[in-house]
Structures are given as C-alpha cells and as structure tokens.
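Quick notes on the structure that follows.
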Amino acid sequence: MLKLPDDARIEDRYEDGAPSIVTLRAPAIIDGIPCSAGDNWVNLRPDGRLLDATLSARCEIQGWALEAGDFVAFGEDGSIGILVMEPPRAFAGFDDVRHVLFDDVGRPEEITVGDATFDPEGRLLRRELSNHELIDGVPCASFCTFHPNGRLSGTSLSEPLEMPHGTIPAESVVTFADDGTLEAAMVAEACVLGGRSFPARSAVNFFESGPVLRWAPD
Numbered sequence: 039m040l041k042l043p044d045d046a047r048i049e050d051r052y053e054d055g056a057p058s059i060v061t062l063r064a065p066a067i068i069d070g071i072p073c074s075a076g077d078n079w080v081n082l083r084p085d086g087r088l089l090d091a092t093l094s095a096r097c098e099i100q101g102w103a104l105e106a107g108d109f110v111a112f113g114e115d116g117s118i119g120i121l122v123m124e125p126p127r128a129f130a131g132f133d134d135v136r137h138v139l140f141d142d143v144g145r146p147e148e149i150t151v152g153d154a155t156f157d158p159e160g161r162l163l164r165r166e167l168s169n170h171e172l173i174d175g176v177p178c179a180s181f182c183t184f185h186p187n188g189r190l191s192g193t194s195l196s197e198p199l200e201m202p203h204g205t206i207p208a209e210s211v212v213t214f215a216d217d218g219t220l221e222a223a224m225v226a227e228a229c230v231l232g233g234r235s236f237p238a239r240s241a242v243n244f245f246e247s248g249p250v251l252r253w254a255p256d
C-alpha cells in the first residue's frame with residue numbers, strides 16, 4: 039500500500055477502509071507525482087496507486103512536460119489518461135490546448151482547443167456549441183460530432199429540420215452518413231415521417247424505402 043504523508047487528511051475511504059480521497063496540508067510526492075495541497079483532492083485507487091491529482095510543480099510524466107496547476111488522471115496500468123491545462127497552452131503541436139484524452143498506452147487520442155476536439159492528425163471530431171449554428175445545412179444546438187471527411191455526423195437540432203420524409207422536431211438528436219444522408223433520429227416530439235406516426239422519444243432509422251421504427255418508449 040502506498041504510504042501517504044503523515045499530515046494527509048483522509049476525506050473518504052473504500053469499503054475495506056483504504057483511503058480513496060485525501061487532501062494535503064503541504065505539497066507532496068505521491069506515487070512519484072508532485073501533488074497540490076489545499077482544496078485540491080488527491081484520488082487514489084483501491085490498491086493505493088494514484089488515480090488523479092493537480093500538480094504542485096513542473097514535472098515530466100511519460101515524456102510529456104507538464105506544469106504546476108495541471109490536472110492529470112491515470113489509467114488502470116498507470117499510463118496517463120487525462121490532462122487538463124489551465125490556462126490553456128501549446129501541446130502536441132496544437133495551440134491553446136485545454137484538455138487531452140490519451141489512449142490506453144498514453145498517446146494523445148483527443149485534443150480539445152476551445153470548443154473543438156481534434157484527433158492527433160488535426161481532424162475535427164466534435165464541437166461543443168455556445169450558440170446555435172447552421173452546419174452542413176443542419177440547425178445545430180449544443181453539440182456536434184464529425185466524420186473523418188469533415189462532414190457532420192451527429193447533433194441535436196436547434197430548430198425543426200425539413201427532410202424529404204417530413205419534418206424532424208427541434209431538440210431531436212440526429213445522425214448522418216459521411217455523404218450527408220440522414221441515417222437516424224431520436225425524435226423529441228411525436229411526428230409523422232414518411233406517412234408513418236412516431237411517438238416522442240422514439241428512435242427512427244432512415245432508409246431509401248422510408249423511415250423505420252427502431253425503438254419506442256413503453
């Protein structure tokens with residue numbers, strides 16, 4: 039079991055009594071990582087290894103140069119899993135990075151800059167929208183995902199969407215193929231599509247022959 043500093047305060051424990059959350063009165067090295075004191079929680083795994091913490095000092099973790107104030111979380115095998123940087127800064131060839139998700143061997147997999155998340159090659163994966171936007175002719179509300187070719191993959195609708203099969207209500211969640219073809223929708227309200235009635239919150243698949251109910255609430 040990992041030895042904690044004598045003045046560490048245990049905020050919570052696992053069922054077997056092992057510490058799960060601790061706070062520190064002074065910065066300390068835990069599991070080889072410089073961890074911040076004060077209100078910053080240090081989370082531990084059941085076996086005592088570090089789960090996540092805010093860094094108290096500049097350090098290098100698995101080849102990445104990190105700064106004091108960065109938040110890091112580790113995977114089951116100890117490889118870095120999540121990095122949150124405040125304020126944002128350059129990282130892995132991107133400017134103004136604020137969040138990085140790593141793969142299971144500690145390589146960057148998703149890099150967030152502002153409201154946009156990219157893969158390591160710079161392809162746009164998704165956006166978190168602060169305002170409604172029209173993207174690929176679709177009125178998008180709070181989020182968007184994208185195909186590797188840059189076309190819209192999925193979103194929630196900020197307005198009703200007119201389609202050949204009928205009108206999909208606002209607030210419905212829709213998905214598209216990489217050529218822009220509508221593939222599916224979770225309709226927010228009862229509606230008629232392709233001459234068929236679909237209840238609110240039902241999942242609908244779209245084919246050349248018309249819409250087909252995939253799932254409906256009880």
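Be aware that the sequence shown starts at 39, since it is given in our numbering, and climbs by one per residue.
Even glycine gets a Cβ: it sits at the ideal position worked out from N, Cα and C.
As the structure is a prediction and not an experimental result, all values here were calculated from the model.
| Item | Value |
| --- | --- |
| Beta carbon of residue 96 nearer than 8 Å to that of residue 40 | no |
| Best match in 113, 112, 98 for proximity to residue 106 [C-alpha to C-alpha] | 98 |
| From 63, 222, 238, 234, residue whose alpha carbon lies closest to that of residue 228 | 238 |
| Proximity winner among 128, 154, 159, relative to residue 168 (alpha-carbon distances) | 154 |
| Whole-angstrom distance between residue 114 and residue 57, CA atom to CA atom | 17 Å |
| Those runs of the beta strand (DSSP E) which lie wholly inside the stretch 147-209 and span at least 3 residues | 154-156, 162-166, 171-173, 176-184, 190-195, 199-201, 204-206 |
| Expected contact under 8 Å - CB spacing of residue 174 and residue 218 to nearest Å | 6 Å |
| Endpoints, the beta strand (DSSP E) within which residue 126 is located | 118-129 |
| Sequence-distant residues of its chain with Cβ nearer than 7 Å to residue 170 (five each side left out) | 177, 178, 179, 196 |
| Same chain only: Cβ atoms within 6 Å of residue 100, ignoring 5 sequence neighbours per side | 118, 144 |
| Sub-8 Å separation of residue 232 and residue 249 beta-carbons | yes |
| Residue 74: first and last residue of the uninterrupted beta strand (DSSP E) it sits in | Here residue 74 belongs to no beta strand (DSSP E), and DSSP marks it neither H nor E. |
| Buried or exposed by the 16-neighbour rule on C-beta atoms within 10 Å, applied to residue 202 | exposed |
| C-beta contact flag for residue 264 and residue 90 at 8 Å | Outside the shown range of the chain, which is 39 to 256, sits residue 264, and nothing can be said about it. |
| Contacts around residue 251, its chain only, beta-carbon distance under 7 Å, and the 5 residues preceding and following it disregarded | 236, 240, 242 |
| C-beta atoms of residue 220 and residue 184 nearer than 8 Å | no |
| 4 or more residues per run - each alpha helix (DSSP H) lying fully within the stretch 214-256 | none |
| Beta carbon of residue 181 nearer than 8 Å to that of residue 164 | yes |
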